[in-house]
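Enquirer: Protein chains in written order, with my numbering: chain U, 50 to 371; chain R, 55 to 315. Just so you know, even glycine gets a beta-carbon here, dropped at the ideal spot from N, CA and C.
#1: For the pair the stretch 124–132 of chain R and the stretch 84–102 of chain R, tell me if three or more CB-CB distances fall below 8 Å.
#2: Rounded to whole angstroms, what is the Cα-Cα separation between residue 76 of chain R and residue 82 of chain R?
#3: With burial defined as no fewer than 16 other Cβ atoms inside 10 Å of the residue's Cβ, what is the status of residue 371 of chain U: buried or exposed?
#4: With distances taken between CB atoms, is the gap from residue 77 of chain U to residue 51 of chain U smaller than 9 Å?
#5: How many Å lie between residue 188 of chain U and residue 169 of chain R at the Cα?
#6: Taking 9 Å as the cut-off, decide whether the C-beta atoms of residue 62 of chain U and residue 94 of chain U are in contact.
#7: In chain order, what residues of the same chain have a beta carbon less than 6 Å from the beta carbon of residue 352 of chain U, not counting five sequence neighbours either side?
#8: Mapping DSSP to helix, strand and coil, what is residue 251 of chain R?
#9: Listing by chain order, which chain U residues have their CB less than 7 Å from the CB of residue 312 of chain R?
#10: Would you kindly report the start and end of the unbroken alpha helix (DSSP H) that includes residue 348 of chain U?
#11: Taking 9 Å as the threshold (beta carbon to beta carbon), is residue 256 of chain R in contact with chain U?
#12: Going by alpha carbons, who is nearest to residue 155 of chain U out of U:211, U:179, U:107, U:135?
#13: Can you confirm whether residue 60 of chain R, when its beta carbon is compared against all beta carbons of chain U, has any partner nearer than 9 Å?
#14: Compute the Euclidean distance between the alpha carbons of residue 69 of chain U and residue 251 of chain U, then round it to the nearest angstrom.
#15: What are the residues in the stretch 166–191 of chain U lying within 7 Å of chain R by C-beta distance?
#16: What residues from chain R crowd round residue 367 of chain U, counting only those whose CB sits closer than 7 Å?
#17: Under a CB-based cut-off of 9 Å, is residue 204 of chain U close to chain R?
#18: Any idea if residue 227 of chain U is buried or exposed, counting beta-carbon neighbours within 10 angstroms, 16 or more meaning buried?
#19: Does the distance from the C-beta atom of residue 278 of chain R to that of residue 119 of chain R stay below 9 Å?
#20: What distance in whole Å lies between the Cβ atoms of residue 207 of chain R and residue 232 of chain R, which are believed to be in contact at a cut-off of 8 Å?
#21: Between which residues of its own chain and residue 185 of chain R is the CB-CB distance below 7 Å, once the five residues before and five after are set aside?
#22: State yes or no: is the C-beta of residue 180 of chain U within less than 9 Å of the C-beta of residue 65 of chain R?
#23: Across the stretch 203–217 of chain U and the stretch 93–110 of chain U, are there enough close Cβ pairs to call them in contact, namely three or more that are closer than 8 Å?
#24: Assuming contact is defined by CB atoms lying nearer than 9 Å, are residue 161 of chain U and residue 198 of chain U in contact in what I supplied?
#25: Within its chain, find whatever has a CB closer than 7 Å to the CB of residue 325 of chain U; leave out the 5 residues flanking it on each side and keep chain order.
#26: So does the stretch 97–111 of chain R actually touch the stretch 357–370 of chain U, counting three or more Cβ pairs closer than 8 Å?
#27: Does residue 90 of chain U have its Cβ less than 9 Å from a Cβ in chain R?
#28: Between U:200, U:182, U:254, which has its C-alpha nearest residue 157 of chain U's C-alpha?
#29: Just to make sure I have the definition right: I need the residues of chain U whose C-beta is within less than 9 Å of the C-beta of residue 280 of chain R. Which are they?
#30: To the nearest angstrom, how far is it from the Cα of residue 304 of chain R to the Cα of residue 159 of chain U?
#31: Applying the criterion that 16 or more other CB atoms from any shown protein chain within 10 Å of the CB defines a buried residue, is residue 245 of chain R buried or exposed?
#32: Using a Cβ-Cβ cut-off of less than 9 Å, give me the residues of the stretch 281–296 of chain U that come near chain R, in sequence order.
#33: Nearest by alpha-carbon distance to residue 86 of chain U: which of U:79, U:64, U:278, U:57 is it?
#34: Over the uninterrupted beta strand (DSSP E) stretch that includes residue 263 of chain R, give me the two end residues.
#35: Of all the alpha helix (DSSP H) runs that stay within the bounds of the stretch 86–158 of chain U, which reach a length of 4 or more residues?
#36: For residue 291 of chain U, which of U:260, U:309, U:350, U:317 has the nearest alpha-carbon?
In structure tokens:
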């Protein structure tokens, strides 16, 4: 029988949403598989999460150790190698922790590795078929994964239907004693909180958000003028912050701000999943992009294929004339 | 400090509109524009800046075909001192583990204190750095957006969710994957490329590296891409068409209805 283990990330004693998504991912891998949650940490927060997971998972493994109080991937990896059977399937969210943990774990477990899975299509013999994306979401691919000696896979948060509620009536198994040597050459120091900017983009009902299509720092002003006409605020995607054209506090995305506007004007934004991960609350999305194949058109409500640098000034003028 | 930066030649996502071929199972690669993976430029820039401060050298390495030499030259024009091309027909079709194991054999022939890669490349897996570190038993940190080099150790900031930064102290030798935005990669002009046009770049194959050809390439791969496709994502956006005036009129109506105006 296929054994699947799912790593539960949590913050302040509350499991992240992906904890409710692993069961449907596991069901798409093999609906008869056994599914076990794995929670690592320390103290009361860990126990709270482990106990909460018994509603969703029939078995919950907890690993309690002072050195695991912060999820340092280098340490968590050492513990997992001693606890997860080497021929099992191990799932972890494709987030900044999973990306840190999983590739090395696959080597230590001598297992196949597949990253950022968005769908699974079942097992045939020892081959698991799944779906992932490449080139920033421009194309999808089917992959075949040889799971004969196990597999470590990251799954994209939000890609698998979340379980509502749960009545698994599971139990917690304490495997802290099996974690083994947790010494590390990488010591966690501290979290430096994101800088607070001059504008809080999370408070605005309308965002004029610019991406690579803005082309030049001087053109930010064109977006600023449209934002003023719409009584909106300018936000942006990652490349604009990397280029230092706008401050980090204006970035929408998993590595930036999570926003819930009513209307989102995606101007010259291709629409990577990291960017869309910061866009919540089902806003009305208007996408303007020169590239008719831009992934943003798959999620937008209204799309216009044109150059934002020509389009935005005309729109600004039309709105100002209303 | 001896620094190795792993780089890759990839289709440029900013320069291409990706289409499937007529068979519908691969990209139409005829007119694709290739360049160095965007993340790798940040890794090379960071390596050069570290060497400028503490001395040492920067070597850029890639696994690829003959055409991959051009990305090595580009990174050498930025200021990397050496380039190494690992190339063999047997390497084609390798999965991440295969690529990492090929790189490992060359890394073990040198003595590098610091190994950098981009945080991810065209396939979006972000796997090579972490795999290399595990194979070499070196500590690893991904998505690095700050580096301060100290004596025998390094202070590293990782980009985590919500724009926060996770600070770590890591011992050498180590492997780091570099996130965009950590620095501002220098511009490389035609003149810079010309300067390094005739620098010798050694090419090493499976036999030179002592690699069993069956352990890499498609035969050694546990994870294989079967095809490319464009998923049917349902309705998608309602595309507004017509003259600019007509489009703007329709858009303003919709924005009014949805609370945008």
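Expert: In short:
#1: yes
#2: Residue 76 of chain R sits at position 22 when you count from the first residue of the second chain. Residue 82 of chain R sits at position 28 when you count from the first residue of the second chain. Distance between the alpha carbons of residue 76 of chain R and residue 82 of chain R: 8 Å.
#3: As a first step, residue 371 of chain U must be located in the first chain, where it is residue number 322. Exposed: under 16 other Cβ atoms inside 10 Å.
#4: Here the question's residue 77 of chain U lines up with position 28 in the first chain. Here the question's residue 51 of chain U lines up with position 2 in the first chain. Going by C-beta atoms, residue 77 of chain U is not nearer than 9 Å to residue 51 of chain U.
#5: Within the first chain, numbered from 1, the residue matching residue 188 of chain U stands at position 139. Within the second chain, numbered from 1, the residue matching residue 169 of chain R stands at position 115. Computed Cα separation, rounded: 30 Å.
#6: Taking the first residue of the first chain as 1, we reach residue 62 of chain U at position 13. Taking the first residue of the first chain as 1, we reach residue 94 of chain U at position 45. It is a contact, given that the beta carbons lie within the stated cut-off.
#7: In the first chain, residue 352 of chain U corresponds to position 303, counting from 1. Once the five neighbours on either side are set aside, the close Cβ partners of residue 352 of chain U are 336, 346.
#8: Here residue 251 of chain R corresponds to residue number 197 of the second chain, with the count starting at 1. DSSP places residue 251 of chain R in coil when its eight states are reduced to three.
#9: What you label residue 312 of chain R is simply residue 258 of the second chain in a count that begins at 1. Under the 7 Å cutoff, chain U gives 311, 312, 333.
#10: Taking the first residue of the first chain as 1, we reach residue 348 of chain U at position 299. 345–348 is the extent of the alpha helix (DSSP H) around residue 348 of chain U.
#11: Translated into positions along the second chain, residue 256 of chain R becomes position 202. No, its Cβ sits nowhere closer than 9 Å to a Cβ of chain U.
#12: Residue numbering aside, residue 155 of chain U sits at position 106 when the first chain is read from its first letter. Of the candidates U:211, U:179, U:107, U:135, the one whose C-alpha sits nearest the C-alpha of residue 155 of chain U is U:135.
#13: Here residue 60 of chain R corresponds to residue number 6 of the second chain, with the count starting at 1. When Cβ-Cβ separations below 9 Å define contact, residue 60 of chain R makes no contact with chain U.
#14: For the purposes of this step, residue 69 of chain U is taken as the residue at position 20 of the first chain. For the purposes of this step, residue 251 of chain U is taken as the residue at position 202 of the first chain. About 26 Å.
#15: The residues in question are 182, 183, 184, 185, 187, 188, 189, 190, 191.
#16: Taking the first residue of the first chain as position 1, residue 367 of chain U is located at position 318. Neighbours of residue 367 of chain U on chain R, chain order: 302, 306.
#17: For the purposes of this step, residue 204 of chain U is taken as residue 155 along the first chain, with counting starting at 1. No - not a single Cβ of chain R is within 9 Å of the one on residue 204 of chain U.
#18: Indexing the first chain from 1 puts residue 227 of chain U at position 178. Exposed, since its Cβ has fewer than 16 Cβ neighbours within 10 Å.
#19: If you number the second chain from 1, residue 278 of chain R lands on position 224. If you number the second chain from 1, residue 119 of chain R lands on position 65. Not a contact, by the Cβ cut-off of 9 Å.
#20: For the purposes of this step, residue 232 of chain R is taken as residue 178 along the second chain, with counting starting at 1. For the purposes of this step, residue 207 of chain R is taken as residue 153 along the second chain, with counting starting at 1. Wrong, their Cβ atoms sit about 18 Å apart, outside the cutoff.
#21: Working through the second chain from its first residue, we reach residue 185 of chain R at position 131. Within the same chain, residue 185 of chain R has close Cβ partners 150, 151, 154.
#22: Along the first chain, one-based indexing puts residue 180 of chain U at 131. Along the second chain, one-based indexing puts residue 65 of chain R at 11. No.
#23: yes
#24: If you number the first chain from 1, residue 161 of chain U lands on position 112. If you number the first chain from 1, residue 198 of chain U lands on position 149. Taking 9 Å as the Cβ cut-off, residue 161 of chain U and residue 198 of chain U qualify as a contacting pair.
#25: Numbered from 1 along the first chain, position 276 holds the residue referred to as residue 325 of chain U. Once the five neighbours on either side are set aside, the close Cβ partners of residue 325 of chain U are 348.
#26: no
#27: For the purposes of this step, residue 90 of chain U is taken as residue 41 along the first chain, with counting starting at 1. For residue 90 of chain U, the nearest beta carbon of chain R is not closer than 9 Å to its own beta carbon.
#28: Against the first chain, residue 157 of chain U aligns to sequence position 108. Taking only the C-alpha atoms, the option nearest residue 157 of chain U is U:200.
#29: As a first step, residue 280 of chain R is located in the second chain; it is residue number 226 there, counting from the start. 178, 190, 191, 192, 193, listed in chain order.
#30: The residue labelled residue 304 of chain R in the question sits at position 250 within the second chain. The residue labelled residue 159 of chain U in the question sits at position 110 within the first chain. Roughly 57 Å separates the two Cα atoms.
#31: Numbered from its first residue, the second chain carries residue 245 of chain R at position 191. If you draw a 10 Å sphere on the C-beta of residue 245 of chain R, you find fewer than 16 other C-beta atoms in it, and that means exposed.
#32: 281, 287, 288, 290, 291, 292, 293
#33: Counted from its first residue, the first chain places residue 86 of chain U at position 37. With distances taken between Cα atoms, residue 86 of chain U lies closest to U:57.
#34: What you label residue 263 of chain R is simply residue 209 of the second chain in a count that begins at 1. Not the beta strand (DSSP E): residue 263 of chain R falls in the alpha helix (DSSP H), residues 260–263.
#35: 92–102, 122–132, 145–157
#36: Numbered from its first residue, the first chain carries residue 291 of chain U at position 242. It is U:260 whose Cα lies nearest to the Cα of residue 291 of chain U.
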